[in-house]
Every structure is written in C-alpha cells, then in structure tokens.
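Comments concern the structure below.
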Amino acid sequence: MAQFAIFIYGDGVPGTPEELAEHDRHSEDLIGDGSLTAAFALAPFTEATSVRGDGVTDGPYTESKEIIAGIGIVEAADREAALAIARRNPATWQGGGVEVREIVGSYIRTGERSDTLLP
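Under UniProt numbering, the sequence shown has 84 at position 84, and the numbering climbs by one with no breaks.
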C-alpha cells in the first residue's frame with residue numbers, strides 16, 4: 001500500500017456545524033475502512049506565519065482564494081484508489097476541493113526518544 005497526502009482546500013470561512021459533521025462522518029468512514037492513517041485540521045489561515053529566506057511575514061504568504069484547511073494521510077493501493085477516496089471528501093461539494101500527492105518519504109517520531117526514518 002502506498003501513502004498519499006490529501007490537502008483539503010476551502011475558502012477560509014469556517015464551516016457550518018452541518019458541514020463539519022459531514023467531515024467527521026467522512027473521517028469515521030475512512031477510519032472504518034482502514035484507509036485513514038492521520039488527519040489534521042488546521043488553525044484559521046489568518047493565524048499563519050510565513051517564513052522565507054528574506055524574513056517572516058504574519059499571515060499567509062500568498063493571496064489565494066483557496067486556503068489549506070486540513071491534511072489527511074491515507075493508504076491506498078495506487079493513485080486511482082487515492083483519487084477515489086479524495087472524491088468522497090465533503091470539501092469537493094462544499095465549495096472547496098482537495099489535492100492528492102503520493103508520499104515519497106517521511107519522518108515519524110514514534111516516541112519520546114524513539115524516532116523512525118522511513119524511505
């Protein structure tokens with residue numbers, strides 16, 4: 001199985017309780033079928049700080065209509081299977097979207113003093 005990062009994009013406006021519940025159900029479905037390995041909801045983009053070679057800027061680095069709202073890590077047999085998972089993400093019908101990228105290397109801290117480096 002390969003791992004894929006799914007970047008969840010939105011417009012920066014917090015979702016309604018109903019929309020957030022759809023995301024929770026989607027995550028529960030992916031946990032249930034064993035494909036979701038991690039998921040992260042991000043703080044609002046207005047709390048972002050960008051670091052570049054020439055300094056630090058409060059707020060997102062670029063002006064954009066689509067803001068990264070969250071990141072999911074899924075396991076799938078191949079890219080097509082990962083895309084099928086991504087198409088089920090509520091962001092795709094709530095006015096946002098998703099981007100899928102295969103993970104080609106990772107570092108995961110597995111304990112307080114025990115680290116694992118994966119190829």
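Built from N, CA and C at the ideal position, the CB exists for glycine as well.
Exercise. Starting from residue 150, trace the beta strand (DSSP E) both ways and give me its first and last residue.
Key: It is not possible to answer for residue 150, since the shown part of the chain is limited to 1 through 119.
Quiz item: Out of 3, 27, 79 and 96, which has the shortest C-alpha to C-alpha gap to residue 65?
Solution: The shortest C-alpha separation from residue 65 is found at 96.
Quiz item: Where does residue 75 fall in DSSP's three states?
Solution: strand
Quiz item: In the structure shown, what three-state DSSP assignment does residue 42 receive?
Solution: coil
Exercise. Report yes or no: do three or more beta-carbon pairs, one from the segment 66 to 78 and one from the segment 36 to 46, lie closer than 8 Å?
Key: yes
Quiz prompt | Where residue 40 falls, given that 16 or more other Cβ within 10 Å makes a residue buried | solution = exposed
Practice problem: Can you have a look at residue 107 and say buried or exposed, based on whether 16 or more other CB atoms are within 10 angstroms of its CB? | Solution: Flag for residue 107 reads exposed.
Quiz item: Can you tell me whether residue 117 is buried or exposed, with buried defined as 16 or more other CB within 10 angstroms of its CB?
Solution: Per-residue confidence for residue 117 stands at a pLDDT of 48, beneath the threshold of 50, marking its modelled position as unreliable; the derived number appears in the next sentence. Burial call: exposed.
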